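Numbering (the UniProt record's numbering), first residue to last: 1 to 66.
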């Protein structure tokens, strides 16, 4: 496998979708993870909530509007 699915967040840590991380052609075993992505999948997201990444783990929160 030359790539893996990673989980994209916005600048606030809110899950916005998936992305692809390629393996480094120079460093075996190293993934080139796009900015704002994490390797840990978010939990199932019920209606009315969003998944938030705090830098260590996912939590489900009620979205706020600006």
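Using N, Cα and C, we set each Cβ at its ideal position, and we do this for glycine too. Predicted model, so just to flag it, every value in this text is computed and none were measured.
Outcome for residue i when other beta-carbon atoms lying within 10 angstroms are tallied against a minimum of 16
{"i": "residue 51", "result": "buried"}
{"i": "residue 5", "result": "exposed"}
{"i": "residue 64", "result": "exposed"}
Alpha-carbon to alpha-carbon, residue j and residue i
{"i": "residue 24", "j": "residue 17", "result": "22 Å"}
{"i": "residue 37", "j": "residue 2", "result": "17 Å"}
{"i": "residue 13", "j": "residue 53", "result": "5 Å"}
{"i": "residue 67", "j": "residue 55", "result": "Given that the chain is displayed from residue 1 to residue 66, the structure contains no residue 67 and the question cannot be resolved."}
{"i": "residue 15", "j": "residue 31", "result": "20 Å"}
Residue i beta carbon near the ligand SAH (any heavy atom closer than 7 Å)
{"i": "residue 37", "result": "Absence of the ligand SAH from the depicted structure is noted, as is the absence of any ligand whatsoever, leaving it without description."}
Residues bridged to residue i [DSSP beta-bridge criterion]
{"i": "residue 64", "result": "Its beta-bridge partners do not exist; DSSP assigns none."}
{"i": "residue 4", "result": "21"}
{"i": "residue 14", "result": "52"}
Coil, strand or helix - residue i by DSSP
{"i": "residue 30", "result": "coil"}
{"i": "residue 47", "result": "coil"}
Original post:
Is the stretch 51-60 touching the stretch 34-43 in the sense that three or more CB pairs, one from each, lie closer than 8 Å?
Top reply: yes
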